[in-house]
Structure formats: C-alpha cells, structure tokens
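Undergrad: Below you'll find the structure I mean.
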Amino acid sequence: MTSYELVPLAVLASSLLPGLIIFALPDGWVGVRTSLNVFAAIGKLGLVALLLDGVAAGENYGVRYAVLPGLELSLQADALGMLFITLSAVLWLFTTLYAIGYLEDKPRRSRFFGFFNLCVTATMGISMAANLFTFFVFYELLTLSTFPLVVHRGTDKAMKGGTIYLAYTLLGGTALLTGIVWLHHLLGHTEFAHAGIAAALGPEYAGQLKIIFLLLITGLGVKTAMVPLHGWLPQAMVAPAPVSALLHAVAVVKAGAFGIVRIVYEVYGVEFAQSLELLLPLAIFASVTIVWGSLRALFQDDLKKRLAFSTVSQVSYIVLGVALFGPIGTIGGLVHLVHQGIMKITLFFCAGNYAETLGIHKVSEMDGAGRRMPLTTLAFSIGALGMMGAPLTAGAVSKAWLIDGALAASMDWAVWVLWTSSLLNAAYFLPILWRAWFRPVPVAWPEEHIPRHGWRETAWLLLLPPLVTAAATLAAGTLSDSDVTPLAWAKLIAEREYVGRSVP
Amino acid sequence: MNEPLIDPLVWLILLPLAWATLAFVLGPGRGGWLAIAGLVAQCWLAFNLAQQVSAGVAVVHAVGGWGAPLGIDLAVDGLSAAMLLLTQTVALPLAIYARSYFKASDPAGAGFWPLTGFLIAGMNALFVSADLFNLYVTLELVGLAAVGLVAAGGGAQQVAAALRYLFATLVGSGAYLLGVALIYGVYGTVSIATLLPLVTNEVPRLVWIASALIVSGLILKTALFPFHFWLPPAHGGAPAPVSALLSALVVKASFYLILRLWLGPLQSVLPAFGWLLALLGAAAIFWGSWQAIRAVKLKRLIAYSTVAQLGYLFLIFPLLAAPAALQAAVMQAFAHGLAKAGMFAAAGVLIKATGQDTVAGLAGAVERLPVTMFAFALSGITLMGLPPSSGFLAKWQIIQAALAQGHWIIVVVVLAGGLLAAVYVFRVLRLGFLSTPENVTFTPVSRVLEWSAFALAAASVLLGLRGVELIQLLGART
C-alpha cells in the first residue's frame, strides 16, 4: 500500500480506533480518555493538513476496495471533500475540548465519546466518498451513531426526540437508497466525476433521471432539514450541548447539504441538471426553507430551538447557492458551508454555556446575561451578527457572494429571499442581544451551577472554544482576500467543477 | 484416482455423529468440550472444502466405493459448500455459548449435546446428498432432532410447542416423501444427476403433482407464511441456544432443498410457482414484522422477525434467471443466520440478567449490559439491512436483480420490509437506552455468553465489508 492509499484510511482510523478503545474504558479513567480524544483530534488535523497540501498541488489520494464484484467502497480526497473534512476536523477538536468540560462528572462519558468518535468517522467517510454507494454507507452510519447521542440523557423526552429523529432519517435513507440503486442500475456505477455522470445516458432517460433526482434530494433533504422534512431538528435539541453544536449545526445537516452539492455537481453535472430544469425547483425548495425557518425561529422562546430553526434556514443558503446556475453562486454556497458551521457552532457553544453556568434555557431568561458572562455573550453577539450578515463577519462574505450569484444567474427574486431572511435574522437575534446586554440583571439566575472566579465567568474549557470560533468568524470576514481562507478554497473547487468556464 | 487421506465430505458428517454419540454415552449435560473440539475441526474442514470448491476442484464421494445409480453419491458445489460453511461457523460460537448457558444440573440442557450433534450431522448430510431419497432421510433426521431440542425444555408450554412442531415437520416431510415416490414412479430414479436430463418441459401431470407436494412440504418446514404457525411458539419457547440454532440454521435446510431442486432436476417445473412463493414471501415480511412490532415478549419478537426475514429468501424465486438472485439468497441466508443467532444469544443473556422475557423489562439494559446490547444492535443493523452489514448487501442484490428484470414491486417490498424491521429493532433499543429504573436489579451474567453473542453479531456486520469470496464460491464451476 502506498502512502496515497494510506492517508485517507488513516483519516478514518484516527477517530474510529480511539472511538472503539474509548467504549472499552471505564467511566472513571478521565485522563486516558481525555488524552486519547485530544491526541486523536490533533493527529487528525495533522493528516488533514497533509491532504490539503497534496490536494492543492493536484495529487491524488484515494483507496478502493471491492465489497461485491462491481460494487466498491471508494475513498478519494478531492477539493470539495477537503472543504468539509477540514471544517469537521477543526471543529471536532474544539467540540471535543468543550465536551470534556461540559460532561465533567456526568455519567456515561465513555459511551458518549465512543459514539461521538464514530460520528466524526462517518463524517470523514461522507466527505471522502468517491461514489454514491460509499456515501450512503457512511451516511447511514452517521444516522446510527448519532441516535445514542440524541437519547444520551435517557429521559422520556430524549427518547421522543430520538424516535422522531430516527423516523425521519431512516425514511430519508430509504428514499436515498432507492435513488442510488436505481441510478446504479441505469449506469452500472455511481462514481463521482467533475462534469457529472448522468449525462452519459441518452435523452430518453430524462424522465427517470428527474424522478431519481427527486428521490435523492428528498433523502438528503431530511438531514439538510429542508422544509417540510425539517421536523426532527428542533426535537433533536434535547441532546447535550456538544452534540447540538457539532452534529446538529455542522456534521449531520452539512452531510445532507454536502450530499446535495455532490449530486448536483458530480452526479448530474451542473450543466446537465440545468438542462433537465432541476435547478429552479431546487432553488425554490431552498428559498421556502430559508424564509419558513426564519419565521418559525421568531416565535421560539427556547434558546436552542430558536437556534435550531435558524439552522434550518441557514443551511438552505448552501442549497440555494448550489442551485444558482453559475460559478459565483457556487462559491457563495460552498463558502457558506464553512462559514455557517463556524458561526452556528459558536452560538450553540454559548447556549450551552448559559445553560450549564446559569441554568438559562429560554430567551426570556436572558436578561442581563451579558453582565454576568461578558465573554460568552461577546462570542454569541459575533455569531449572531454574522448570521445576520453584518459587515466584517464571515456571514457578510457568504451573503455578498450569494447575492452576486443570484444577480449573475438573473434570479432577482432570490436576492429578495436573502434580504428578507437577513431582516428576519435580525428580528430574532437582536432581541436576544438587547436582553443580554441592556436589560438589568435579575435577582437570581434560574439555576447557577458554576460560580464566577475573577475573569473566568465559567469553566475555561467551556469558554475557550466559543471565543476561538468567534474569532474565526471575524477572521473569515476580514481576511477573505488572502490565500488561506475558505473563500480561496471554494474558488478552487468552482474552478474544478466549471471546467472550461472563467471563474472570478 | 488420488483419494485424499481426510475426505472433508465424509468427516463433516461423521464428526458430529461421533461427538453426539460420545456425549450421549457420557450422560446428561456432558460432552460440551467434545462438541466444541469437534466443531473447531468441522469449521476447518468446511473452510478447506470451500477453498477447494472455489478453486474449481470437483468434490464427489461415492460411499463405500459404489457410485450412482447403485450406491449413494455425495457431491458438493458452491451452494452446498456455502451452506456447510454457514452451518459450522454459526454452530461453533453457539456451542461455546451453550456450554456456559446450561448449568451442569439444568434439566433443559440434559439432551442438548447429543441432539445438537445429530442435528448438525443431519444438516451437513443434507447439504451434500445427491439423491432425493437420501435427502428425505436427512430432512427427517434434522426435523426429529430439532423437535427433541424444543421438547427438552420440559415445561408444558414447550412440550405443546414441540408437539405442534412435530406435527408440522412430519406432515412436511411426508408430503415431500410422497412427491419423491411419485417422481420415482415416473422416472425410475431418485438421483439428482440422472433426473436432470429426464425432466423436460413436457412432463406428465403426475410430476406436476409431485412437485406441488414437494414444494408445499418444504415451505411448511421452512415456516413460510401462512405455514409459519408452528415457528413462534417453538423458537420463542425453547432455551436461547436452541432458539438460535433453529432460527439461524434449521429453517435454512429446507429452503436450501427448494433451491437445490429449483436449480437442478425440477428446473423446468418449479418456476411456475415463482410468483406464488414471492407473494407468500412478501406476505411473510409484512405479517412477521407486524407481529414482531406488537410482541410483548422479547423472544417472541425475535421469532416473528425470523418469519419476516425468511420472506426475503422467497422473494428471489421469480428472479432466479439472473445470477445475482442466487447470490442474494445465499447472502441473506448468511446475514440472517449470523444475525439471528447473535440476537437470540443476546436475548438469552438479557433474559438471564433481568429474570423476565419481556421487551418492557429491558429499560436500562444499555448501561448494565453494554456488550450484549451492542450485539443486539449489530444484529439489528443486519436485519434492517443497513450498511455496512451483510443484510445490506443481500438487499442491494435483491433490488439489483429485481430492477434488472423490471419487477418494481419486489423493490418496494424489500425497502418497506427494512423500515418495518427498524421499527421492531429500535423498539427494543430505545427501551435499552432509558435510564435504569431504581427498583430493577440485573443478575450478573457470564462474559462468555456476552462475547459469543457479540462475535456472531459482529460477524454478520463484517461480512458486509467482504462479500467477494462468498460470491466467488457460488459462481465456482465444478
């Protein structure tokens, strides 16, 4: 085996093996478990850096393996996959740190971290999958390994959330599988390729290909939480904060959105999808989700649920960008895949901090929280402003590219959708900020767990991750022209997907 | 001719007979170690045999030097080598499990080792027999040993279940024997190889009647819906190791026989029954899953899941024109064999630990018995047909074969069946994830039990990552 084959496997193994070992560890072995977690996360970052360097230079990292004759598990590190891998690997490190702080002295930690590692493994597999079969294998693994995390608390309410989550995702998985098997039957393979593979079929297959597209997008739309398939996401908020942060803001919903990107660009090919008239319905589907999610977020008093509906809305920005025919929209959608991840994880970290430190779970309890927890609230404010698309944040960059993309594709109505969403974002985030910073501190907090120590308003492991991701939100917004930002990488991907067209 | 010193064909039958007899001589409840040692050797033989068949070596043995048509021929092709492999690899972990499951003085385990030995000898003989009458004898041996195992529990319910099972198995093999007699009357031979060129498209009405008798007898023994009535009480009521053996292996024996006749001597007659069997298979999937979803007792749930999973095996009959269909059937037999053995074994641990056989009694089991619940979950993944398990590969192949022949309805049934399986599997798992109620105590359980269940369940999932060899074995031309 060459190193080109080993590195993708090592990326998987760097969370799979620690996960399996952690299952076997007694709960009390905090030191061993923590070092295993942290070293694995750092080791994975190193491997990802190696891959990034290679992929940027045009090298080919990949490994294939036959499960049945004619059916292969195939992993390949390409530019698009690296975008998602890098995002997950970086955020995994911070979420691991956060989770170590969050779960201190709580029961069933080994089980939690074991499944947590399996989830990350699944995300890595989804990113590197080189055909739809492999994608599906890891996609379902993600469903299975998140279930124990959603029901982690073991209460009846958690069970209800978990059951709804399963019902949605297993039904979605079945739709996805139907589409994949059908496509495999027509084409004889489902390998991803830059200009797509479906165009190889003659025009007489157009009808079938449209139905397959519908099946695939429905299956992926469940995890992407597109309206009306989004019902599981607010329910899944019963999970502990690190799970909501990494999985429901980043890994799970992004797995769906990432799948849609793959389907449009590398299975159908964007030009062919446009010629089948599939992109406009997809754009409308995304726009409805964007507006509906924001509207529902307005009326949620539960902080995590408000964030969840905000996720519903924001993840569909990615889908909208993908559905805007043209490289500018593509760049906007892809860059938002990363930017939304950084911003939303910041917000969820902060929500977890409020709950863990002061027992605040509701927006109406947020009065004066900024005085008691200024650093957390600062991070929260940066994340929230980013979501609204305020200047100097990552959100502004995504929104600018998306709007330009919509104009370039002459879909002016999409610009209105984005502006409406921004207004609604402001309408549901600004009241929280106002309460936190300007309302007086209440006599007593709902349930104060962690007392203040000097400048440390909460445990430092809980404080550090949101501050770092908030700083990243600002960095992505202000340094967007440099060569090492998500934007630069998104441009690289667009160049490779739009073969032979000029990319800004 | 170069006769190898150890002919695996013969030894695969003689070894279990030998340890069964020795166990009988040693007395009730004894002989477990012998059985395990024998099964280790059998596993080695079965692997060896599979390798030879895969490499294209023809393996035929004429008992006593008398070949067909006078004597008894034993023959092995890819299909029978695969079934032999499945039988030995499932039986070995179950033997290890059973040795620690039955305490020395446990009356339920008194006849376990001799009966299991005869059962396995019968199954191995069935897979290598090359004539219809010989097949009848082995079928009867398997059936009687299985009834004995169910009755060994000794309780009134178990004896009732065993009697019902005895009735079903006798009627089933009776019908089969009658059909064979008719065929002998028409063609004057029962050798599969001799019959093959004789049975053409133009067959007398008597052969049609014979085929109908044979098929109905065998589906009764395979517990295909609506002939499944005997299975849930028998499999749900027996001790866990027995349930596992019966559900994982015994029902596959009569299925194998249908498949063997379908692909062999009766290939011009049986395809007329294809859609009927597939229809019953689909009904089995829905009815079995529905009953599993409603079941109160854990082992009943698993037994009904067997009814449903057997349905998939029958979906392939209208598709057998494509090679993928046979591959799908064998993959499903492996997937279900390993997973169901693992699941019954896990259920046995759970029942020992909680002291009750109800689904509701499992609250908190994930925390107390993580290995066992993991085993249950892994088996469940295979039964639901989720990747990366062998159950997924089986479903993938059924769907591919169905699509290639344009039979959409089968695709729909397979996918819907997977979702229904998810309902009953997660019904158990979600209860397990609940926090442990305070008034519940779990009795400690031997680790051997937990880990042998886990090994079976893990094997059912891992096979999903490596199906190539199995397919090669099936495609081997001998």
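Chains as they are written, first to last, in my numbering: chain W, 1 to 504; chain Z, 1001 to 1478. Ideal Cβ placement from N, Cα and C applies to all residues, glycine included.
Ignore the nearest five residues each way along the sequence and tell me which others in Asn353 (chain W)'s own chain have a CB closer than 6 Å to its CB.
TA: Thr376, Thr458, Leu462
Undergrad: Give me, in chain order, the residues of the same chain whose beta-carbon lies closer than 6 Å to that of Pro466 (chain W); leave out the 5 immediate sequence neighbours on both sides.
TA: Thr346, Phe349, Cys350, Ala379
Undergrad: 8 Å is my cut-off, CB to CB: does Gln1400 (chain Z) come that close to chain W?
TA: yes
Undergrad: Looking at chain W, which residues of the segment 1401-1420 of chain Z have a Cβ within less than 8 Å of any of its Cβ atoms?
TA: Taking 8 Å as the upper bound on Cβ-Cβ separation, chain W lies near residues Leu1403, Ala1404, Val1411, Leu1415, Gly1418, Leu1419 of the segment 1401-1420 of chain Z.
Undergrad: So, for Asn1048 (chain Z): in the same chain, excluding its five sequence neighbours on each side, which residues have a beta-carbon less than 7 Å away from its beta-carbon?
TA: Pro1008
Undergrad: Do you know whose CA, among Z:Arg1300, Z:Gly1217, Z:Ala1284, lies nearest Val1171 (chain Z)'s CA?
TA: Z:Gly1217
Undergrad: Which of helix, strand or coil does DSSP assign to Gly359 (chain W)?
TA: coil
Undergrad: Do Ala1238 (chain Z) and Gln1158 (chain Z) have their CB atoms nearer than 8 Å?
TA: yes
Undergrad: Kindly indicate which three-state DSSP category Thr1478 (chain Z) falls into: helix, strand or coil?
TA: Reliability of the predicted coordinates at Thr1478 (chain Z) is poor, the pLDDT of 49 falling under 50, and the value obtained from them is presented with this limitation in mind. In this structure, Thr1478 (chain Z) counts as coil in the three-state DSSP scheme.
Undergrad: Measure from the C-beta of Trp1275 (chain Z) to each C-beta in chain W and report whether the shortest distance is under 8 Å.
TA: no
Undergrad: What is the DSSP secondary structure of Gln274 (chain W), reduced to helix, strand or coil?
TA: In the structure shown, the three-state DSSP call for Gln274 (chain W) is helix.
Undergrad: Go ahead and label Ser410 (chain W) buried or exposed: buried means 16 or more other beta carbons lie within 10 angstroms of its beta carbon, across all protein chains shown.
TA: exposed
Undergrad: Mind listing the chain Z neighbours of Pro69 (chain W)? Cutoff is C-beta to C-beta under 7 Å, in chain order.
TA: Residues of chain Z with a Cβ closer than 7 Å to the Cβ of Pro69 (chain W) are, in chain order, Val1468, Ile1471.
Undergrad: Near Leu6 (chain W), what residues of its chain come up, given a Cβ to Cβ distance below 6 Å and the 5 sequence neighbours on each side ignored?
TA: none
Undergrad: Pick from W:Leu16, W:Leu52, W:Val55, W:Asp53: whose alpha carbon is nearest that of Leu36 (chain W)?
TA: W:Leu16
Undergrad: Could you give the uninterrupted runs of the alpha helix (DSSP H) lying entirely in the segment 1092-1133 of chain Z, keeping only those of 4 residues or more?
TA: Scanning the segment 1092-1133 of chain Z from its first residue to its last, the whole alpha helix (DSSP H) runs of 4-plus residues come out as 1112-1128.
Undergrad: How about Ala1377 (chain Z) and Leu1449 (chain Z): do their beta carbons lie closer than 8 Å?
TA: The Cβ-Cβ distance between Ala1377 (chain Z) and Leu1449 (chain Z) does not fall below 8 Å.
Undergrad: For Ala199 (chain W), collect the residues of the same chain with a Cβ closer than 7 Å to its Cβ; drop the 5 residues on either side in sequence, then sort them by chain order.
TA: Gly269, Phe272
Undergrad: Have a look at Z:Asp1073, Z:Leu1182, Z:Glu1140, Z:Ala1055 and flag the residue whose alpha-carbon is nearest the alpha-carbon of His1061 (chain Z).
TA: Z:Asp1073
Undergrad: For the putative contact between Phe192 (chain W) and Val267 (chain W), defined by C-beta atoms under 8 Å, what is the C-beta separation to the nearest angstrom?
TA: Confirmed, about 7 Å.
Undergrad: If we require 4 or more residues per run, which alpha helix (DSSP H) segments fall completely within the segment 55-102 of chain W?
TA: 79-102
Undergrad: Strictly under 8 Å for the Cβ-Cβ distance: is Met128 (chain W) near chain Z by that measure?
TA: no
Undergrad: Ignoring anything shorter than 4 residues or poking outside the segment 141-220 of chain W, list the alpha helix (DSSP H) runs there in chain order.
TA: 156-187
Undergrad: Can you check whether the CB of Gly1078 (chain Z) is closer than 8 Å to the CB of Gly1475 (chain Z)?
TA: yes
Undergrad: Quick one: is Gly19 (chain W) near chain Z, going by C-beta distance under 8 Å?
TA: Chain Z contact via Cβ: absent.
Undergrad: In chain order, which alpha helix (DSSP H) runs of at least 4 residues are fully inside the segment 279-322 of chain W?
TA: 279-298
Undergrad: Does any residue of chain Z have a CB that is nearer than 8 Å to the CB of Arg456 (chain W)?
TA: No - not a single Cβ of chain Z is within 8 Å of the one on Arg456 (chain W).
Undergrad: Which chain Z residues sit within Cβ distance under 9 Å of Met159 (chain W)?
TA: Arg1430, Leu1431, Phe1433, Leu1434
Undergrad: Is there at least one Cβ from chain W nearer than 8 Å to Ala1422 (chain Z)'s Cβ?
TA: yes
Undergrad: In the DSSP output, which residue or residues are listed as bridge partners for Ala1145 (chain Z)?
TA: DSSP lists no partner for Ala1145 (chain Z).
Undergrad: Could you tell me which chain W residues have their CB closer than 8 Å to the CB of Phe1551 (chain Z), listed as they occur along the chain?
TA: Given that chain Z is displayed from residue 1001 to residue 1478, the structure contains no residue 1551 (chain Z) and the question cannot be resolved.
Undergrad: Restricting to Cα atoms, I'd like to know which of Z:Thr1200, Z:Val1445, Z:Ala1421, Z:Leu1369 is closest to Phe1433 (chain Z).
TA: Distances from the CA of Phe1433 (chain Z) to each of Z:Thr1200, Z:Val1445, Z:Ala1421, Z:Leu1369 were compared; the closest alpha carbon is that of Z:Leu1369.
Undergrad: From the DSSP output, read off the bridge partner residues of Ala129 (chain W).
TA: W:Leu75
Undergrad: What does Pro374 (chain W) reach in chain Z if we use C-beta pairs closer than 7 Å?
TA: Within 7 Å Cβ-Cβ: nothing; Pro374 (chain W) doesn't reach chain Z, min ~36 Å.
Undergrad: Output, in chain order, the set of chain Z residues within a Cβ distance shorter than 8 Å of Trp182 (chain W).
TA: Leu1403
Undergrad: Return the bridge partner residues of Ala1075 (chain Z) from the DSSP annotation.
TA: Z:Val1060
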